[in-house]
Structures are given as C-alpha cells and as structure tokens.
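Following my numbering, the numbering of the sequence shown begins with 21 at its first residue and continues without gaps.
Quick reminder that beta carbons are idealized off the backbone N, C-alpha and C, glycines included.
See below for the structure under consideration.
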Amino acid sequence: MGLNTIQTYIAWNYHETVPGRYFFEGQKDLVKFIELAQQQDLLVILRPGPYICAEWDYGGFPAWIYSMCKDKIRTSDATYMKLVDRWFKNLFPRLEHLLYENGGPVIAFQVENEYGSYGCDHEYMNNMVDLLKKYVPSSLLFTTDGASDGMVKCGSTNRTYTTVDFGPGGDPSHSFDVQRKFQPKGPLVNSEFYTGWLDHWGEKHHRTSADLVASSLDKILALNASVNLYMFIGGTNFNMMSGANMGGDGLQPITSSYDYDAPISEAGDPTEKYWKLQKVISKYTAMPPGPQPKPSEKLPYMKVPLASSQSLFDVVSQLPANVSKTPQPFAWLDLAQGWILYEVDISGASGNDLILDLGAFSDRASVFVDKKFQGILNAKYGSKLVIEHGQTLDLFVENEGRIGYSHAMVDASKLHSLTGYPLNNERSFTIDYEHNTFLKDGKPFRYISGSMHYFRTPHQLWEDRFYKAKMAGLNVIQTYVAWNMHEMFEDVYHFENDLDIVSYIKLAQQYDLMILLRPGPYIDSEWEYGGFPYWMNNKVGKLIRTSDQGYLNLVDKWFSVLLPKVKPLLYENGGPIIGVQVENEYGSYGCDEKYMLAMEQMLRKYLGQKVFLYTTDPIIDQALQCGSISSLYRTVDFGAGHDVNKSFALQRKYQPKGPYVNSEYYTGWFDNWGEGHHVERPEYIAHYLDQILSFENASVNLYLFEGGSNRNFMNGGSYIANEYLPITTSYDFDAPLSEAGDPTEKYWQIQKVISKYERLPSGPQPEPTKKLAYRKLRIYSSLMFFVLEAILQPIILPQPASFERLDLAYGYMLYQIFIDQDHPMIEGPTQTLNLGVFRDRAYVYVDMKLQGILERNGDFQLNITIDPGHGLQIIVENEGRTCFSEAIQDVRKGLLSGVILSGAPITGDWEHFRYGIYRQNTPEAPVRESEEENHRLGGFAAHRPFDEQALVIVNSFTEHIPKVQKLFTSTQVQDGWVGPPALYGITFVLEEVADTYLKLDQWGKGFATINEDHYYKYWTSSIPQKTIFIPKTNLKVGNNTIVLTEFERAPSSMDEAYIELVEKPVFV
C-alpha cells in the first residue's frame, strides 16, 4: 500500500495477566511480530504505555493492578511506578536487539498515551521519560495528544518530541498549528489519523467515507507531514479483551470486532478505503513492486445445526464456589474477564412484592428466581427489579469490558457524528407532470440552489462555502465542469486538488446539499473559451457545437473519462446529483436538433436512462425553441427586473407541464476590463427572488451564489457589437458571497426571503474570513523581460505562428526577427509596421525600446523607427479567448497573418519565445494535410508527430522562476532598475496566513505570480478592478514571494516602488 512504518501498542495485560508471570509465546510473541515487519522492510514505532487505551480492556492495564493501586494509576504514586518499572524491566531487554541503532526496525517509543486528556501531572510524565530512558537511552521518545492547546500542554514535556492526533475532515493545518505551538521546530506528525471509528454494542456500525479519509490524508501529506493511520487494520478484541467507555447512559461496552472500518478489514481483506489511500500515498512515494493484495479465501456458507445444549446452571454447578457473607467483586476473586454467578437463598423473604436492589454494580446482571428468568439490570434498565417469590436468587453478572478511556464522559455520538445516505432502490428524482412538481423519493420537492464553481475556489475553502450555502437556506449546489481545466493538453487528465470534482460533490453531500451538474461540453461562464480546451480550435474550428462527427468524437472521448467518475454520485446510486444539464444555452448559439439529440444520447450512454436531463435557455422564443428537444426538460433563466409571470409563461409555452424552474437567476453580473463594476441592490434581488418562490413548486438557482476568481489566465472574453472585451480576473459578480467568501448584505436579504418558504438550519451564522492587516511591501529587485530570451527556448519559423500552433495555451508570445539588409524601406525617419490580424494586445519594440501598443479593437499598424539589421520584438498577450456567441468559432491568439513593414512582408527567421502555460513537446512546424483539413483548421493541421508519452503540462514560471530569482539576487540587478517590460520581485515574511487583497496602484498591466504557483492578471491602469483577491491558501507561514510581470507602467526607481496588501477590495 505504500506504508513504510508499522505502529503498535503493547498491551501490558496481555503479557502479565498474573502478577509476576510473563507470556510472550504464540499470539503474544511481540519479538516475532517486529522481526516479521523488518523482513517486509517496515520500520516500527512502539507504544508501550503502560496505558494504551486502544478500546482494549482497562486501557491495557492488568486487572490485578486495581487492587494494588486503586485510583493511583497514571500518577507518580510509588507503588504504581514500581509496578510499571517491573513490567518495563521484563519487556525492554527483549527489544534491545530490535532497536534501529542496533540494526533493528524500532525507530521510536511513545511516552504514555494521550495523557493530556486524563491529567496534567508533569512530574508523572517526567518520571515516565526517566523510566524509558533507563531502558532505551538513545531512542527517540515522543508524546501524542489530541490537537487542542489544553491537551498538548498537559500531555507533553520539553524532553520529548510533541505530536498530535486528529481525524479526517477540516483543515489539518489548524491541528498542526497546535503542534507547532508546543513543538516550534521539527516535522509535523499526526500520530493517530483516524481511518474509521470503534463500535459500541447497541450502536450502529461506524463508517467513515473512504473519499473523506483519502482527501484528508492527501491534505496532510501535502504539508510534508508524517502520519500514522489509526487503524490500518483493527483486528478483533478476542478472549474477552474488549474495553468500554462511559457515556450519558452509563457504560458503553465495545464490540468484539475491532474492524474500525479500517483500510484492511477485520478479516485482513483490502477495502475500497485501502485502494483510495494507496492512490493518495502513491502521489508522494513510490509503490513497491509485486502483486496487489487480494481478499483471503472464505468458507462457503454453511448452516450448522446445534448438536446438543446444556443449562449454564448445570455447567456452573460443577465449578468450585467461593462462599462469603457479602457479594465479592471480580478483582477480589482474581477474575480478570468473564461472568460470576452470585447465588443466595431468598426463601425467607416476605411481602407482596419483592424488590431486588443491586445498588452499585457493573456491568450487566441477568436475574433468575428458581432458574426462571426475571429480567436484566444494567445502566440502561436500572439497579432495581420486582421479582417473584422463590427459594433461590441467581444473578449472572457479566464483565462487559473495563473502561479503557477513564475520562470518556462525553456522549460518543458527539465525538464522531457522520451523515449516512442509504443505498436502496427507493431513491429517485423524477417529475410529477400532473401536479407540476419535482418528486424526491416520491415526495414533492423544490430546490433552492446556488451556483458555485469548484474550479474558481481553492479546494481547501470548499467546506467553508458549503457551510455558508447551507446556512443561507440552499438545498442544492449547481456547478459547471470546466473541460479545459481537466484536459488542458489533449489526453492528459487532471482531477486532483482544485480539480477534484468527485471530492467536491461528496463534500456537498456531507452538508446535505444536492448537486445540479452542468458538464457542458460548452459552459460559457465567462470562462476561457467557454470551457473548451484551447486545442479544440485547431481540431474543429467553426464546427464546434455542431453535429460534426469529429467534434462529437472529441466530446465523447472526454465524457468517457469524466462521466464514469460521477455516475456513482447520481442520486439513484446514493449520491447527491439530482440532475444533469445538457449543453448550455444552446438556443443562443444554434438550432441543430441532431446535435442536441447526440448530446442527450451521449449523456445517457454513460449515466443511464433514469438520470434527469434538462436544458437551460434565456426567455426568448427562438432560444427556447432551438435550445432543447422534446425528450429533455426545458428550463429558463432570467434576472431581477423581468416579469416573473411572463417569464414562466414562456417556459410553459415550450414545457407545457412540470415545475417552473429558473436555472440562472442572476444575483449580479460579471465585469469586463474597461467597464464599470456591476452592482445590483440587495433588496432588488431579494424582491424578485420572493416573487419566484411565491410560485407554487417553483425551483430556482442563484447564479451566482459565490463567484470566485478567474485565476491562472482562465478569464474569458466578451465579443459584443464587434468589440472584444476581456473579462476581469475577479469573478465577484456582486454575488451573495463575495469573491473572498464573505457574506454580503445580499446574503442576509436572500436568507430572509428563503426563510419564508423553507426552514433554515440551526447553527452559528457565517462570518467574514479573517484578512491580513495592511502591509506595504517594497520591491527588492527588477529584471528586464528580454533577459528571458536567455532562459526560454525559441522556436524558429519562417512566418509568425499562432499560440495554438505552438501549443501555447495561455500567456504571452515574444516574436523576434532581425530586419534583413535587403528589406525595402521608405524614405524618412519612420517606417509603417502593419501587424495584419492579431489577438489580443501587442507591444512593439525596436532593439527592445517601446514603439507603441496595439490592440485588436483599434489600429493594426504603427509608425516605428527601424533600420535594416536591427531587431523587431513584438510581445502579444492572450487576454482571454471568447466564451460566448459565434466568436468562439475562431479563438486563435497571436500574430495570425504576415507582418508587413513599409509595404513588404518581413521574411527570415522568426523567433518565438513562449511565456506562459504551454506543452513542452511542440514540433518546429505543423504537418500539412488535405486542403479541406487546412481550411477547416485555419491553415494548421490537426495531428502532429510528437512523443505521446512526453505530454506534460510545463509551466515556464515554475520551471524558470528559480533561475530568475537567482538573477534577482545578483548585485548587478539589485543595484539597477529597469522599466517595463520587466519582472519585479518582492519577498516578505508572514507569521500567520489569512486572505488578503493585492493593491497595485503604481503599476499598469501584467500578472502577479504568488509563491511561484498562482497567477493573477491585473490591469490597474484600466477599470473596474483595482485589487486582486489572494486567498490564504496561496500564502504560507514564513517566506513568501510575489513576482510582477509588468508590461506598461512601473515606478521610476526602486526606492519608490512598492505593492500593498489590503483588507478590502477596490472596484470602480
């Protein structure tokens, strides 16, 4: 599975059942266990106690110790410490040759066990350290406690290494913050990462989601932390060794099975959790070779008849009896485990009713009079019972397990509360057309949904957003699936971290939120190319979103990867997905019924015939007529200000029966660079939402509930009235939750409206996230952009090529050529440069000196000063591929036609430097195919010869920033200052991380790289966005780096240059 260490407790009561007699044979052969682990190349961590908990009888203490120490166990009491020393004196010499320094696998010993949850006696803990050092002086000693300040403070010492333990769910960094408070340096360690939980008799079997455990383990390992899975295999509490806890109803005995819902079952079989954890571990360490484990062979079903039976009274009567005037407890009779039959003559008892009162007793008593059953007494049924008259009273008293966690006085259900979802054939999501309503499991259902896109919010923050959605009164989350994020480069798929859509959906289910899935393939969403991967333009061009078989084959290939992942999450299969949207507002684009039918058939092929499929189109007749087909459920979208009656009437025109649905009720609107920030009044949005919900059984989706960010170059572009407008990095949308996830006034107004129609959940109301306090950070160095020519590998072609031809997905292209001596020039100081067709924004330089800036909406030519033999540099920016309308049919970027200087084409060796996210293995020139194919692809071939195995996402920033940083720190660069285009570096230290906004008043246009992995475009010289939201997940405790790649405006000197981190966003 990928483990490299085994951790085990040592149960004192297993080896010294009788005082002074030790057993280490057979099942109790600890030495053999450790040696076998070493044979499998596994290290060992030992937890010798003396207290171990482990849901084991008496927490591992021998039963006889109670009569000697009473309540002095786990203290510095001399008698107790002497008994522990006697046990250790017998145990540790057996282990000496197994220590790591002696060639064995044992690398560490735990001191006591979670002592902070029991006491706070540092003298005792120091005595335990002294005792262990007496026997293993050179070994690493550590403590383990729950991740709370109080527990760790009381349970640790400054003489041992402090670790914590915690289970899945939540942010592990918070738990590790507790460790770091008491252990400032050294590795992060979770010594007990709970893969499941124990069971008590009388409670349902505990199960912990395999995906939740895997996701949380991934988060832990991503922090470079060490971890122990508790349990990897639970096993069995055989020989009556199960322990017990104390709960609100008294004693809670633990089951014989200690399956624990662990990765390996009680029978030693790999479970689904095993494979999912193995997959996570494989991301961080190499898996050993060899066959994968299989379940053990099981006997086939056998029904065995009872051959004989015998009364237990008859069996016990053959045993020797202890006679006393009063009942004696187990300990006095040296009975470690089992039952005692107490028998007494009651023939002399008088009265109409005989009341038996056992007073204080443990744990369970079966009461008989003259061998006739009277009843059961225990904590649940009480200690008193009315019994019949008779001769003999018999009490069978059972030891159900000694308490193994002495201070476990909290109701266990509060310690591990999980939500379960039954898997049965009754789960269904359908439509009652007669009563115009959805039916969920046969009952009328209306959804109040909110759009939140997993790919726009860091995965570490998903849980926070789901909680806020639930508290607002939502019962459904709607999300698009961004194809271009999962298959950025063809045949290379990613579903991890922020792209782990399966975990996103399962996490929503944990908050009792259903899901409406919008897999596209086209999503719009103001997202780059409407969600299509950039390479689709080369493949299909104008045939995108049509019934062209080449296009459909590409979609089918993508769906064959995506949809099997989400099928188990359909509502009928026990998941939260109640509906899937077909395409997206297709009626605003085309009118091809054959295409929509093909899309439906494709979805049903992978998701089955029962899945609820629907379409969404704006309230326009043609859009509703063209955007769907009869086999799909038609819904509409409209915002505040539209007449709700007329809007739903138009839906009813094309969908005669069924519930009213507004699939996109706009809570705000997106922003384009160059336009003002859009704001919609909260009361205005709330008023129209109220009108929608006042329609009987009407369902609605708030688009958006939270917008998030278009980070990493993924903003789209608008194309309106023949004008291109790039969309901002912020996708705040003036939504109920801000870009930072903070509840706005609109949130509270919407919550108030929803409360009129649905009961709101109980719990604390959401609050804004913490923000970093204001900081002004100085620039420490600058680096000329053209220095990157020495770092980036150029591609040389006879003509300038598009981004797509050279597999530059997102970013910038630097084109460079030296003008031939024979190039014809016109007389005069300037020459006319004509770029022809280009997209989107071009910076023109001669010998690296700026001549001017051109943009696709303006002029395509510029007067420049240049002579033959001199260098022409053109930096072209992809500002975002269009995401709506017919403009998506050609989204190529870069220089798209020949460049003309003074009336003559510029010929020669054009150098192409890719600066952005690109595919590494790109040929120097495309392979030309048929004329038809060339026309279809805009002159570029669909298939190229390259090594498929070498297809990897290569981010030039991640690869080259270290080299750039090295240049930053050189004396030569630090002493100088260069203007744009340039890279500007900032380093700063954080003692804690929190959300913040990056304010760049001094700067013009470019992008910010945060800690080498996160990219945010800015255009401060334009409107409306003046700050960049930086989530806390992009930052880290300690050193942080921000690099600005700036193309237009910068301060005149380093002394004047700075950036700011502020607490609030700025829009104009």
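| Whose CA, out of P781, T902, L855, lies closest to the CA of V896? | L855
Q | Own chain, CB closer than 7 Å to A907, minus 5 neighbours either side, in chain order | A | Y739
Check: Going by beta carbon distance, what residues of the same chain come within less than 6 Å of N110, once the five residues before and after it are set aside?
Finding: Y42
What whole-angstrom Cβ distance do E75 and G263 have, given they're in contact under 8 Å?
-> 5 Å
Where N730 falls: helix, strand or coil (DSSP):
coil
- Query: Does the pairing of the segment 529-549 with the segment 491-508 give three or more beta-carbon distances under 8 Å?
  - Reply: yes
L243 in three-state terms, based on DSSP:
coil
Tell me the residue span of the alpha helix (DSSP H) that contains Q530.
521-530
_Within 10 Å of its beta-carbon, does Q969 have 16 or more other beta-carbons around it, so buried, or fewer, so exposed?_
Residue placement at Q969 is flagged as unreliable, the pLDDT there being 22, under the threshold of 50; the coordinate-derived value follows with that caveat. Exposed, because fewer than 16 other Cβ atoms sit within 10 Å of the Cβ of Q969.
Give me the Cβ distance between T183 and L161, rounded to the nearest whole Å; I'm assuming they're in contact under 8 Å.
Not really, about 11 Å apart at Cβ, beyond 8 Å.
Give me the Cβ distance between L644 and L617, rounded to the nearest whole Å; I'm assuming they're in contact under 8 Å. So it is not a contact: roughly 17 Å between Cβ atoms.
| request: Could you tell me if Y744 is buried or exposed, where buried requires 16 or more neighbouring beta carbons within 10 angstroms of its beta carbon? | output: buried
For this session: Find the nearest neighbour of I127 within the set P349, I85, V64, judged by alpha-carbon distance.
Result: V64
Subject >> Sequence-distant residues of its chain with Cβ nearer than 6 Å to E1138 (five each side left out) >> reply: No answer is possible for residue 1138: it lies beyond the span of the chain, which begins at 21 and ends at 1088.
message = With DSSP as the reference, identify every bridge partner of Y1035, one or two as the case may be.
response = T1029
**Request:** Let me know if R779 comes out buried or exposed under the rule of 16 or more other beta-carbons within 10 Å of its beta-carbon.
**Result:** exposed
What are the start and end residues of each continuous alpha helix (DSSP H) run of 4 or more residues lying completely inside the segment 705-759, in chain order? none
*asked:* Using only the alpha-carbon positions, how far apart do Y1004 and G848 sit?
replied: 38 Å
Here's the rule: buried if 16 or more other CB atoms are within 10 angstroms of the residue's CB, otherwise exposed. What is P679? buried
ask   = What's the C-alpha gap between F393 and R422?
value = 26 Å
Original post:
With DSSP run on the structure shown, which of helix, strand or coil describes F388?
Top reply: strand
So P283 packs on K293, CB below 8 Å; how close in whole Å? 5 Å
Local conformation of S195 per DSSP, three classes: helix
- request: Would you be able to state if there are at least three C-beta pairs under 8 Å between the segment 616-635 and the segment 545-559?
  value: no
Inset, instruction - Identify the continuous beta strand (DSSP E) that holds F112 and give its terminal residues. - result: Looking at the DSSP string, F112 is not in any beta strand (DSSP E); the run it does join, the alpha helix (DSSP H), is 98-115.
- Message: Relative to the C-alpha of F465, which candidate in P207, A718, F838, S137 has its C-alpha closest?
- Response: A718
In chain order, which beta strand (DSSP E) runs of at least 3 residues are fully inside the segment 151-221?
-> 160-166, 181-185, 209-214
query: In whole angstroms, what separates the C-alpha of R624 from that of L249?
result: 40 Å
- By how many angstroms is the C-alpha of M21 removed from the C-alpha of Q298? 5 Å
* Asked: To which residues does DSSP link Q498 through a beta bridge?
  -> S471, L536
| message | Taking DSSP's pairing of strands, which residues face A128 in a bridge? | response | I65, L160
Practice problem: For H117, collect the residues of the same chain with a Cβ closer than 8 Å to its Cβ; drop the 5 residues on either side in sequence, then sort them by chain order. | Solution: G123, G124
query = Is A862 helix, strand or coil by DSSP?
reply = strand
Item to complete: Tell me whether Y554 sits in a helix, a strand or coil according to DSSP, three-state version.
Response: coil
Does Q985 come out as helix, strand or coil in the three-state DSSP assignment? Bear in mind that the predicted position of Q985 carries a pLDDT of just 46, short of 50, making it too unreliable to give a figure here.
CB of V406 within 8 Å of CB of D373, strictly: yes
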